[in-house]
Amino acid sequence: MASLKEVLAKQIPDNQAEIKSLVKEHGDKVVSQVTIKQVYGGMRGVKGLVCDTSMVDPIDGLIIRGIPLADLTDRFAEEIFYCLCTGELPEGDDVEALRADFASRAALPDFVVDVLKAMPKTAHPMAMLITGIAALEDISYFRKRYDEGMTRDEMWEAALEDSLTLLAKLPALASAVYRIKYDKGDLIDPDPSLNWGANFAHMLGNDDPDFYDLMRLYMVLHCDHEGGNVSAFTAHVVGSALSDPYYAVAAGLSGLAGPLHGLANQECLKFIHGIVERYDGAPTEEQMKDYAWEVLNSGRVVPGYGHAVLRATDPRFTAFHAFGEAHFPDDPVFKTVSTAFKVIPDVLKEHGKAANPYPNVDAGSGALLYYYGITEMEFYTVFFSVSRAMGLLSQLILSRAMWEPITRPKSHTTDWYKDFAANE
Ligand code: HAX
């Protein structure tokens, strides 16, 4: 049996040597040219980042360490985190060891609960989650070790230590946000016998075995999405200043709280509910088409459809859809998601703007949560956050291991670009 730390300690020196020699031998090779359109267009397509945990293929979607996500949907989140960090799926007792480690760190300090309780009733659950993470920064091992003078070589270990603690506590923190914000009664203690996803379900207050399984799947599907998306990029930049993982994750998740990124799942279920309300149940395909056009003609986007990188149906949507089909195909909300899937790609193609007319992960996840009684849509991005923290943190551990320097691209004024364009 090898712990995550032992496996990383074995791999890191070789990886460092590999990068050193790549940069030494090929450091001056050009990987990307940048156009003015890209400068003003969110840097789309500019190659300028490293992410070894996962990559997103425009057609196949998320690939974790060489394994397509579709081949990982039966796994536990603990296995995925191990794989994101090391490139290997855990074997034998490894996953039990990681689960036990999470269980030993899972409890939430009282001061964090006090902070959450002090927030106004109107606070958004994402603001509460991020505030809770910032409050937890008080226990950062990375910051303590930095203050003690840790060397560059020791930083990944401190980042790993904080990552394990933060990941272990996130289900308890997120559940506390849920139970406090929505007056669900006393907080529920973690159950060390449960896997990380099921424990989250348990602390939320729902012990239905199917909901446990949905949480397992949900935590797996949202874990990572390479390095250039808003939350990963933000966490990367903040971490590059050697801000500790609590700061970096709080910053990254602030980006996830945006409606064009993680908040889309909240928007998406609102969209689906709007349709169910309008037609008093699941719509016909024709009604769905009319509704989608109404949204587009009013200048809004259809939430849950389109993607900056993907150009096919998101395999995460496919996995969620299969879960709904298996458990409650006739539920009107789920049926509406299915009808949207049949109709909206053609509507978006006809509309002619979206580069990708197919559903992304957010198109279906909310309907499944709703079915199991999580009707508070504002809370949905918190689920996404707990899972995505695995990606942000595994990327941070590797960034510190690879001695990545502070991120600092160059900006220019619009006048500079105008002069540049005129003189080219
Ligand atoms: N409905 C209507 N129009 C859309 C659209 C949609 N679902 N998706 C893209 N478009 C439009 C864009 O608004 C853009 O219009 P303008 O030229 O008028 O600005 C045009 O199509 C080209 O955009 P694009 O190149 O296809 O898409 P981007 O890379 O710029 O943006 C987005 C990708 C995901 C932000 C976009 O598709 C969108 O807004 N989708 C709806 C919101 C959503 O589902 N977000 C979640 C994405 C997944 C995620 O990150 N989850 O966390």
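According to this note's numbering, the sequence shown is numbered sequentially starting from 2.
Virtual Cβ for every residue (Gly too), placed ideally from N, Cα, C.
Just so we're clear, the structure is a prediction, and the values are computed from it rather than from any experiment.
- Rounded to the nearest whole angstrom, the C-alpha separation of Tyr-280 and Ser-395 is 45 Å.
- Bounds of the beta strand (DSSP E) holding Asp-58 are 55-58.
- Contact holds between the stretch 126-137 and the stretch 381-392, because three or more Cβ pairs, one in each stretch, are under 8 Å apart.
- Counting the other CB atoms within 10 Å of its CB gives Gln-267 a total of 16 or more, which places it among the buried residues.
- Contact check between the stretch 398-410 and the stretch 144-163: three or more CB pairs, one atom from each, fall below 8 Å, which counts as touching.
- Ranked by how close their Cα comes to the Cα of Asn-357, the residues Gly-374, His-308, Glu-377 and Asn-200 have His-308 in first place.
- In terms of side-chain proximity, the C-beta atom of Val-47 is found no nearer than 7 Å to any non-hydrogen atom of the ligand HAX.
- Burial is judged here by how many other beta carbons sit within 10 angstroms of a residue's own beta carbon; Phe-318 has at least 16 and is buried.
- Contact between Phe-143 and Pro-246 holds: CB atoms are separated by about 6 Å, below the 8 Å threshold.
- Within 7 Å of the C-beta of Asp-111 there is not a single heavy atom belonging to the ligand HAX.
- Closer than 7 Å to some heavy atom of the ligand HAX: that describes the Cβ of Ala-356.
- Cα atoms of Ala-242 and Ile-407: separation of roughly 5 Å, rounded to the nearest angstrom.
- One thing to note: Cys-84 has its Cβ no nearer than 8 Å to the Cβ of Gly-228.
- About 17 Å separates the beta carbon of Pro-316 from that of Cys-269, a gap too long to meet the 8 Å contact definition.
- In this structure, the alpha-carbon of Leu-393 lies about 18 Å from that of Leu-90.
- Tyr-306 has its CB nearer than 7 Å to a heavy atom of the ligand HAX.
- Here Tyr-183 carries a coil assignment [DSSP, helix/strand/coil].
- Under the DSSP assignment, Leu-50 falls outside any alpha helix (DSSP H); it carries neither an H nor an E label.
- At a cut-off of 7 Å, the beta-carbon of Val-344 does not count as near the ligand HAX: no heavy atom of the ligand is closer than that.
- Beta-carbon to beta-carbon, Leu-168 and Met-391 are separated by about 7 Å, close enough to satisfy the 8 Å threshold.
- A direct Cα-to-Cα measurement between Glu-97 and Asn-196 gives close to 9 Å.
- By the Cβ test, the stretch 102-119 is in contact with the stretch 175-186, since at least three Cβ pairs between them sit closer than 8 Å.
- At least one heavy atom of the ligand HAX falls within 7 Å of the beta-carbon of Val-303.
- Counting other Cβ atoms within 10 Å of its Cβ, Ile-273 reaches 16 or more and is therefore classed as buried.
- In this structure, DSSP gives Pro-333 a helical state, which the three-state scheme calls helix.
- Counting along the chain, Gly-240 sits inside the alpha helix (DSSP H) bounded by residues 231-241.
- For Asp-163, same chain residues with a beta-carbon under 7 Å away, outside a window of 5 residues either side, are Ser-141, Tyr-142, Phe-143, Asp-245, Pro-246 and Tyr-247 in chain order.
- Secondary structure note for Gly-62: its beta strand (DSSP E) is the uninterrupted segment 62-65.
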